[in-house]
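From first to last, the protein sequence lines are chains A and B. Residue numbering for the first sequence follows the numbering used here, starting at 326 and increasing by one per position. Residue numbering for the second sequence follows the numbering used here, starting at 0 and increasing by one per position. Built from N, CA and C at the ideal position, the CB exists for glycine as well. Structure, as structure tokens:
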Amino acid sequence: MVIDKGKQPQRSRLAVAGARAATDSIFTTSSKSDRVANVLFRALLLLGMGFALLGLAAIIIWSLVEGAPRLGPELIFEGPSSIRPESAGYRTAILGTLWVIGGVVLFIVPVGVGAAIYLEEYADNTRWWNRLIEVNIQNLAAVPSIVFGILGLAFIVRGPLSLGFVAAAGSFTLSLLVLPTVILASREAIKAVPNSTRLGSLGLGASQWQTIWHHVLPGALPGILTGLILSVSRAIGEAAPLLLVGAVTFVTFDPSFFESQYSVLPVQIYNYAGRPQEEFRVLAAAGVILMLAVLLTMNSFAIWLRNHYENKNKR
Amino acid sequence: MADSNMATPAAGADQRRPLKGAGRSRIGEKGIKTFLAICAAFSIIVTTGIVVALVIPTVNFFGQITITEFLFGVTWAPAFANPSFGVLPIVVGTVIVVVTALAVSIPIGLASAIYLSEYASPSVRKVVKPVLEVLEGIPTVAIGLFAFFFMRPLAESLFPFFPWETPFSIGVAGMAVGLLIVPLVASVAEDAMRSVPSGLREGAYALGASKMRVTLRVVFPAAISGIIAGIVLGTSRAIGETMVVLIAAGAGNPNLTFDWFNSAQTMTAYIGGTATGDIAQGTVVYDTIFAVGTLLFTMTLIMNIIATRLVRRFREVYE
Numbered sequence: 326m327v328i329d330k331g332k333q334p335q336r337s338r339l340a341v342a343g344a345r346a347a348t349d350s351i352f353t354t355s356s357k358s359d360r361v362a363n364v365l366f367r368a369l370l371l372l373g374m375g376f377a378l379l380g381l382a383a384i385i386i387w388s389l390v391e392g393a394p395r396l397g398p399e400l401i402f403e404g405p406s407s408i409r410p411e412s413a414g415y416r417t418a419i420l421g422t423l424w425v426i427g428g429v430v431l432f433i434v435p436v437g438v439g440a441a442i443y444l445e446e447y448a449d450n451t452r453w454w455n456r457l458i459e460v461n462i463q464n465l466a467a468v469p470s471i472v473f474g475i476l477g478l479a480f481i482v483r484g485p486l487s488l489g490f491v492a493a494a495g496s497f498t499l500s501l502l503v504l505p506t507v508i509l510a511s512r513e514a515i516k517a518v519p520n521s522t523r524l525g526s527l528g529l530g531a532s533q534w535q536t537i538w539h540h541v542l543p544g545a546l547p548g549i550l551t552g553l554i555l556s557v558s559r560a561i562g563e564a565a566p567l568l569l570v571g572a573v574t575f576v577t578f579d580p581s582f583f584e585s586q587y588s589v590l591p592v593q594i595y596n597y598a599g600r601p602q603e604e605f606r607v608l609a610a611a612g613v614i615l616m617l618a619v620l621l622t623m624n625s626f627a628i629w630l631r632n633h634y635e636n637k638n639k640r
Numbered sequence: 000m001a002d003s004n005m006a007t008p009a010a011g012a013d014q015r016r017p018l019k020g021a022g023r024s025r026i027g028e029k030g031i032k033t034f035l036a037i038c039a040a041f042s043i044i045v046t047t048g049i050v051v052a053l054v055i056p057t058v059n060f061f062g063q064i065t066i067t068e069f070l071f072g073v074t075w076a077p078a079f080a081n082p083s084f085g086v087l088p089i090v091v092g093t094v095i096v097v098v099t100a101l102a103v104s105i106p107i108g109l110a111s112a113i114y115l116s117e118y119a120s121p122s123v124r125k126v127v128k129p130v131l132e133v134l135e136g137i138p139t140v141a142i143g144l145f146a147f148f149f150m151r152p153l154a155e156s157l158f159p160f161f162p163w164e165t166p167f168s169i170g171v172a173g174m175a176v177g178l179l180i181v182p183l184v185a186s187v188a189e190d191a192m193r194s195v196p197s198g199l200r201e202g203a204y205a206l207g208a209s210k211m212r213v214t215l216r217v218v219f220p221a222a223i224s225g226i227i228a229g230i231v232l233g234t235s236r237a238i239g240e241t242m243v244v245l246i247a248a249g250a251g252n253p254n255l256t257f258d259w260f261n262s263a264q265t266m267t268a269y270i271g272g273t274a275t276g277d278i279a280q281g282t283v284v285y286d287t288i289f290a291v292g293t294l295l296f297t298m299t300l301i302m303n304i305i306a307t308r309l310v311r312r313f314r315e316v317y318e
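Here's what the structure looks like:
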């Protein structure tokens, strides 16, 4: 029966206490079935939440148990092999992921944050084109990732850009996929900067860009960073669109950005998992451990960052 | 929307105008604004790109296959020697995955959300909520492997009397997708219930309502728009989910089937699986990827529009 006390304003304390006392008194005289229903309901909720946590934890535990025999330096430093699963690793896939994600970061930071700044600080909401951009970004965020793969295949690998099946194509495709998320998160962060900050800066004679650069962006930085980290971690884990833009080949040499074929970590895991031998299954699970370690660390950091600043603001 | 308009610095910009000192960096300012506007407009280019990329090969495709054959045919075998292009089997595959995923994630996700928002002590909430959010980042490949190597064998050993015939199962894939979207549904629904003003709860308590009654009759209805938004987001995630289905549901069955226990293909898995193989550009099989992609895109777009409308309507009722 805990009502989160921290969240209630002072003036409602008394009312709450009174209400709770009244409820409690009614409880003691209430029918037995009512009480039983309450207890059952609560148990059901706990069961649901327990199931959610257990199911998700099971994924992590399963991969740890299954992949543990292959954890070791050669998992990272050895290239893939279709004939020697016991010594094969993820070297080229990790390099491929680094190239792809490096490109994603270089692209989404200026473009994503830039778009967010425009929409929050410059755009006039009454103009139809600005509203169109807003609605468009919201809809883009809900487009299935594989559709971005189709876009990448038609326009980036072939068509106008014609990059071919290289890391740059994968990088560009993933950038487009996470861009809406970056924009939406950055907008939220910029929106949360109090308007008095802007007015104060403008009042002292700073130009609009000076205000944004020196006052709005620093204030919004933790929020923007949280959004960026979560987006990048999503890009690292994303495999589906990359299947269409070439990250499927068994690459035995270190990839480069524009020239050679490439693979990425999740696709390489998928590739290993599809092979019949038992050793490849262990190898795939070990790859999952690798990915989970990176992604869960990144997400934990982002969420810690957000909670840290949220608490700071409350004080 | 209206109050966010007030917060934009357009008003501030107008107040700045008379100041002379700012004139110095005028050209740079314009340049920056133009660059930022281009960044924002870039999203329109992406959307246009998607539509164009989908439509041109799709039109090409329908030059060879009639729309009725595509939409109502019950055999999906584009790469066979005697090809057939009825899309219904893979649409049904997607529907099975989505329904199963929702059957798993709605009760679990909402129970978690209600518990966290209404019942959990602050200290429990402080631990569980971030844990759920972090788990949202589990990559789909990991969940796919878990479904294929762990859940599917486990399901067979628990229920050996069901007709398991292949190592793949679309139903188990759907359950795994459900697990995948639980954190999403839970965290959106929880946010919605937390934002219900506590005055509503207090009023109900003062009238002598029990905790369960307050939760189900007051908080839940008041937060319904956010809860539905969470479910819709989860649904659209489930429709678009590729890797889990690709790994755990196998290469599929060309015929229309509602077999929950065995291999079947979804629209996304077809696109992902087909594009992985080497197929020549300009063939009908190559174009099917785009035709299926168009169908997928249209379905998610329609759902998204419905969701936006729905949320807006509920919001008007409760604010």
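Taking C-beta pairs closer than 7 Å, name the residues in chain B that residue i reaches, listed in chain order.
| i | result |
| --- | --- |
| A/A644 | Only positions 326 to 640 of chain A appear in the structure, and residue 644 of chain A is not among them; the question remains open. |
| A/F366 | M211 |
| A/R606 | F148 |
| A/A609 | L144 |
| A/F376 | I107 |
| A/N464 | L300 and N303 |
From this set, the options, which residue's C-alpha is nearest residue i's C-alpha?
| i | options | result |
| --- | --- | --- |
| A/N596 | A/P405, A/I481 and A/E399 | A/P405 |
| B/P182 | B/F79, B/T65, B/E117 and B/S111 | B/S111 |
| A/I408 | A/R600, A/M616, A/N636 and A/A610 | A/R600 |
| A/N632 | B/A146, B/Q63, B/K125 and B/V284 | B/K125 |
Is residue i close to chain B? Criterion is C-beta to C-beta, closer than 7 Å.
| i | result |
| --- | --- |
| A/P405 | no |
| A/S487 | no |
| A/A492 | no |
| A/W453 | no |
| A/A440 | yes |
| A/N363 | yes |
| A/A560 | no |
| A/I594 | yes |
| A/G525 | no |
| A/K637 | no |
| A/V613 | yes |
Is the separation between the beta-carbon of residue i and that of residue j shorter than 7 Å?
| i | j | result |
| --- | --- | --- |
| A/I481 | B/A52 | no |
| A/S511 | A/I549 | yes |
| B/L87 | B/L255 | yes |
| B/S262 | B/G249 | yes |
| A/P566 | A/S470 | yes |
| B/L294 | B/A268 | no |
| A/P547 | A/Y634 | yes |
| A/I507 | A/I433 | According to the sequence shown, residue 507 of chain A is Val rather than Ile. Cβ distance < 7 Å, so A/V507 and A/I433 count as in contact. |
| A/A572 | A/S588 | yes |
| B/D258 | B/F60 | no |
| B/I226 | B/A188 | yes |
| A/N464 | B/N303 | yes |
Of all Cβ atoms in chain A, is any one closer than 7 Å to the Cβ of residue i?
| i | result |
| --- | --- |
| B/P138 | yes |
| B/P88 | no |
| B/M242 | yes |
| B/G92 | no |
Which residues in chain A sit within 8 Å of residue i, going by Cβ to Cβ distance?
| i | result |
| --- | --- |
| B/E132 | N624 and I628 |
| B/I270 | I471, G474, I475 and L569 |
In chain B, what lies closer than 8 Å to residue i by C-beta?
| i | result |
| --- | --- |
| A/D579 | Neighbours of A/D579 on chain B: none; closest Cβ ~22 Å, over 8 Å. |
| A/N632 | P129 |
| A/L431 | Under the 8 Å cutoff, chain B gives no residues; its nearest Cβ is about 14 Å from A/L431. |
| A/S436 | Note that residue 436 of chain A corresponds to Val in the displayed sequence, not to Ser. Within chain B, the residues near A/V436 are C38 and F41. |
Output, in chain order, the set of chain A residues within a Cβ distance shorter than 7 Å of residue i.
| i | result |
| --- | --- |
| B/F289 | I475 |
| B/Y165 | Note on identity: in this sequence residue 165 of chain B is Thr, with Tyr being the wrong assignment. Simply none; closest approach about 14 Å. |
| B/F34 | G439 |
| B/G48 | L476 and F480 |
| B/I113 | L370 |
Determine the chain A residues that contact residue i at a beta-carbon separation under 9 Å, and present them in chain order.
| i | result |
| --- | --- |
| B/F296 | V468, P469, V472 and I475 |
| B/N59 | Those within 9 Å of B/N59 in chain A number zero; the least Cβ separation is about 12 Å. |
| query | How do the segment 360–379 of chain A and the segment 573–581 of chain A stand: do at least 3 beta-carbon pairs fall below 8 Å, yes or no? | reply | no
- Stretch pair the segment 221–230 of chain B + the segment 193–210 of chain B: three plus CB contacts closer than 8 Å: yes
**Request:** Determine contact between the segment 550–564 of chain A and the segment 627–639 of chain A, defined as no fewer than three beta-carbon pairs at a distance below 8 Å.
**Result:** yes
Check whether the segment 607–619 of chain A touches the segment 503–518 of chain A, taking contact to mean three or more Cβ pairs, one atom from each stretch, closer than 8 Å. no
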